[in-house]
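As given, the protein sequences belong to chains A and B, one line each in that order.
One point on numbering: in the numbering used here, the residue at position 183 of the first sequence is 238, and numbering is uninterrupted.
One point on numbering: in the numbering used here, the residue at position 248 of the second sequence is 378, and numbering is uninterrupted.
We put the CB at the ideal spot given by N, CA and C, even for glycine.
None of these values were measured; they are calculated from a predicted model.
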Amino acid sequence: MTQGVSRRRFLAGAAVLGAGVGASALLAGCGGGAGSDGSLQVSNWTSYIDPGAVRRFERDTGIRVTYTEDINDNNEWFAKNRAVLARQGWIGRDSVVLDDWIANRLINRLDWAEPMRADRLSNRGNLLPELANPPHDPERRFSLPWQVGLTGIAYNRSITGREIRTFDEFLAIDGTTAVLTEMRDTVGLVMRATGADVTRPSAAAAEPAFTELERAVADGRIDAFTGNDYVNDLATGNLAAAFAWSGDVAQITRDNPDVRFVLPESGGLIWSDNHIIPKGARRPAAATEWIDWFYDPTNAARLTAYVQYISPVQGVAEELTRLGGAAARLVDDPLVVPTPDLLAEVAAFGILSEEDADTLDARFAALAGA
Amino acid sequence: MSASVERDAQGRRRARWTPWLLLAPGFLWLFWFFYLPLSALLRMSLSTKPSRFAVPEFSWAWSNYEQAFSDYGSQFTRSFTYALAATSIALLIAYPVAYVIAFRGGRYRNVLLGLVVVPFFTNFLIRTLAWKTILGDQGAVVSLLRTVGLLDANEALLRTPIAVIGGLTYNFLPFMVLPIYVSLEKIDPKLLDAARDLYSNTWRGFRKVVLPLSLPGVFAGSLLVFIPAAGDFVNAYYLGNAKTTMIGNVVQDQFLVQNNYPVAAALSFVFIAIVMVIVAVYSRLLGTEDLT
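Pasting the structure below:
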C-alpha cells in the first residue's frame, strides 16, 4: 500500500506562508473564526492519520470533529499562532500535534497548554512506559505522543554504490547530500557522531558538531538543507543521501528498495510528536477524549498501519498481526515496531536553555546561508 | 442681498471641498494600506526584545540595521545580482517574443499571447518544483549537457546559481513579455512605412523607431521582473543551496524560525531603500516619463 507521503512538512506550505506571513501577523489580531459550529477542532500534519479514523471516532463517542491538516512546520505554526496565544485567545483549534521541543516551549516556558482532563483518559495506561516521563512533561499532564519517529541517514544505494554506516561515510559520498532544516535533527545527529550527549544539549556541547557542519558545508560535502522534500529527491536520485525521518523512508523503500534508512553507528535520534490542547481551547474535555481514543490498541494499530511510524501504544504489534495482510508484515519492520537493539541505538534530543536555543538557531541559520 | 448671491457663495464653498472629497478614498486607502503598515514596520525595525518570546519594544535600536548590513551583505549582493541577471535574460527572451507576436502574430496574436500566459495558471510553487525534475541530476537536460561535454560527469545544475537564476527568469517572464507587447502593439505601422520611405533599412528602422517607442514597455517590464525577483525566496530555497540564499530566505528565517521580528523588519526596510535607489537611477538612465 502506498500513501501520499509523509508527515512533517512539504516545505511548500512554509513557502506559501512566508509570502503571506505579513498578512497573517496582521490578521492574527482578528482571532480564529473557525469552528463556530461547535465541533471539535483538530489540527495535524498531512497524511498523519488513517482515513477512516475520524468517522469511527465520531461514531464511538458522538463528538463531531473538524479535522484539518494544516500543520506544516513547528516554527511556522508557532509564528502563526503566537499573537493569539499570547493574549490567551482561541486559535480556532482544540487539539494540535507538535514536536517535543515546541511542546516544551508551550508547556513550560509560555504556559500556553491546557492540561488534559484526567477523567476522560481511560486508555492512558497503554502508553509505553519509556515515553511516560519525558523532560518536557514529566507526568504527562499536558501531552501524549501521537507517533514516534527516528532521525537517521537515508541513502539511494544505486547512486552511492555502497552502504552508508557512519557520518564520515555520509560526508565522503561523491554525490549530492542534504541535511534537515530542523536544527535539532541535524545538529543532534552530528552531535552523536562527535560523541556529545544529546540528552543534555547545550551550545558548548554542540560546538564540535557545528565546527564539523560548517567545514562540511564550506567545502561542499553537504550540499543542501531540506524539509520533507528530501523524500522525492531521494527517490528520483537528485539526492544521493540525506538526513531523514524513519516513517518517510519506510514508505519510499517499499516502492524503491534502493532507498535505505540507517541509524549511523554513532547512534540516531528518537523523537515524538505530541498531542497538545492549546490554551483557550473551547472543548478541552472532548480533545482529551480524542487523543485517548487513539490509545485503544485497535485504533492505534490502524493508525500505525497507515502512517508507518512507531506507535506509542502498547499492544499495537499484536493488533497489527490481527489486522493481517500488509499491516501484519509491518510487525517485522524494526522502523515501525522497533526491537530493543534498535532502541538502544537512539537517544532523544533534550531541552535547550532559552539562550542556547537562540544561539544555536542563529548559528544554524547562518550555516544554511540565511 | 439676493438669494442667488448667497447660493453662489455656498456653491463656491462646496467647490473648494470637492477635490478633497474626491481624493479622500485614495488618501484613506494609502493611509490604511501603505502608511500604517509601513510605519508599523519602521517602528518594529527600531525595536528590541529582551528575550525571544517577549513583545518587541520600541527603542531606537539602530543596531538592527547594523546587523542587517554586517551579517547579510552577501545575501543582499546575491539578491540583486541574481535579479539583475534574471531581468537581463528575461528581456533577451521576451523582446523577440513580444516583437513577433505584435508585428508578425496576425490573427494568431491573441492565441500566442494566451500561450505566454497559460503556463502561469499553474501554481507558482508547482512550476518551481517542476524545475527540480527538469534540471535534476538524472534528468534529460543534465544528461544532454554531459553528453555534449558542457557538464562534467559529477557536475550538476540543480542547487547552483544557474538553477536559481533560471527559475527566477522563468517565473517572472510573462511580466516582461506583456508590457513590451503592449508598447510594441501601440506603435503605428505607418511610422515604419515612413522610415522605409526615408530609405532606412529594417535594422535602422528598428533602432530609430521601434526601440525608442517600446522603451516604456521595457522599463515597466524590467521593474516588474527585477523587484519581485530580488525579493523572492522560493527559487533559492528549492533550486539553490546554502551558498545561493537570497535576502528573502533570511527574512523568512528571521521571521518564522528565529522569531526576530525587529531584524526581519530592518532587513525589509534596507531592501525597500535599495530597490528605490535602483529604480530612481534606472528611470533617470532610461529617461522615460511615459510609464505605459
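- Setting aside the 5 residues that flank it on each side, A:Ala260 is surrounded in the same chain by Ala251, each with a C-beta closer than 6 Å to its C-beta; the list follows chain order.
- Taking the CA atoms as reference points, A:Asn181 sits about 5 Å from A:Gln369.
- In this chain, the alpha helix (DSSP H) harbouring A:Glu344 covers 339 to 348.
- Considering only A:Trp100, A:Asn99, A:Tyr122, A:Thr249, the residue with the shortest C-alpha distance to A:Val109 is A:Tyr122.
- The bridge partners DSSP lists for A:Ala168 are A:Pro333.
- Among the bridge pairs identified by DSSP, B:Thr178 is matched with B:Glu187.
- The three-state secondary structure of A:Asp149, taken from DSSP, is coil.
- For A:Leu95, no alpha helix (DSSP H) encloses it; the enclosing beta strand (DSSP E) starts and ends at 95 to 100.
- Here the alpha carbon of B:Phe183 sits roughly 14 Å from the alpha carbon of A:Trp132.
- Look at A:Ile126 here: in three-state DSSP terms it is strand.
- Residues of the segment 250 to 267 of chain B with a C-beta less than 8 Å from any C-beta of chain A: Leu255, Leu259, Lys262, Thr263, Gly266, Asp267, listed in chain order.
- Secondary structure note for B:Gly244: its alpha helix (DSSP H) is the uninterrupted segment 239 to 247.
- Cβ-Cβ separation between B:Ser177 and B:Glu187: approximately 6 Å, consistent with a contact (criterion under 8 Å).
- Within the model, the alpha-carbon separation for A:Thr394 versus A:Tyr364 is close to 14 Å.
- Annotation for A:Gly207: the continuous beta strand (DSSP E) segment containing it runs 198 to 211.
- A Cβ-Cβ distance of about 12 Å is found for the pair B:Ser352 and B:Ser313, leaving them out of contact under the 8 Å criterion.
- Here the C-alpha atom of A:Ala423 lies approximately 43 Å from the C-alpha atom of A:Ala173.
- Between A:Asp125 and the set A:Ala399, A:Asp115, A:Ser102, the nearest pair of CA atoms involves A:Ser102.
- Only exposed fits A:Ala381, as fewer than 16 other CB atoms lie within 10 angstroms of its CB.
- The beta carbon of B:Phe206 does not come within 8 Å of any beta carbon belonging to chain A, so the residue lies off that interface.
- Interface residue (Cβ-Cβ distance to chain B less than 8 Å): A:Gly424 is classified as such.
- Burial is judged here by how many other beta carbons sit within 10 angstroms of a residue's own beta carbon; B:Trp150 has fewer than 16 and is exposed.
- Taking the beta carbon of A:Asp166 as reference, no residue of chain B falls within 7 Å; the closest one sits roughly 11 Å away.
- Closest in alpha carbon position to A:Ala402, among A:Thr376, A:Arg239, A:Lys135, is A:Arg239.
- For the segment 339 to 354 of chain A, there are no residues whose beta carbon sits under 7 Å from a beta carbon of chain B.
- DSSP, reduced to helix, strand and coil, places A:Phe225 within a helical segment of the structure shown.
- When C-beta atoms of the segment 221 to 232 of chain A are compared with those of the segment 268 to 281 of chain A, three or more pairs fall below 8 Å, so the two segments count as touching.
- At a cut-off of 8 Å between beta-carbon atoms, B:Ala286 makes contact with chain A.
- Interface residue (Cβ-Cβ distance to chain B less than 8 Å): A:Val272 is classified as such.
- A residue is called buried once 16 or more other Cβ atoms fall within 10 Å of its Cβ, and A:Asp192 is buried on that count.
- With respect to chain B, the C-beta atom of A:Asn293 has a partner C-beta closer than 8 Å.
- Between A:Ala233 and A:Phe197, the gap from beta carbon to beta carbon reaches 8 Å or more.
- Neighbours of B:Val400 in chain A, taken as residues at a C-beta separation under 7 Å, are lacking, since the least C-beta distance is about 16 Å.
- Under a criterion of Cβ atoms nearer than 8 Å, no residue of chain A is adjacent to B:Lys179; the nearest Cβ is some 11 Å distant.
- The segment 254 to 268 of chain B and the segment 288 to 305 of chain B touch, with no fewer than 3 CB-CB distances between them shorter than 8 Å.
- The straight-line gap separating the alpha-carbon atoms of B:Leu416 and B:Phe349 is approximately 7 Å.
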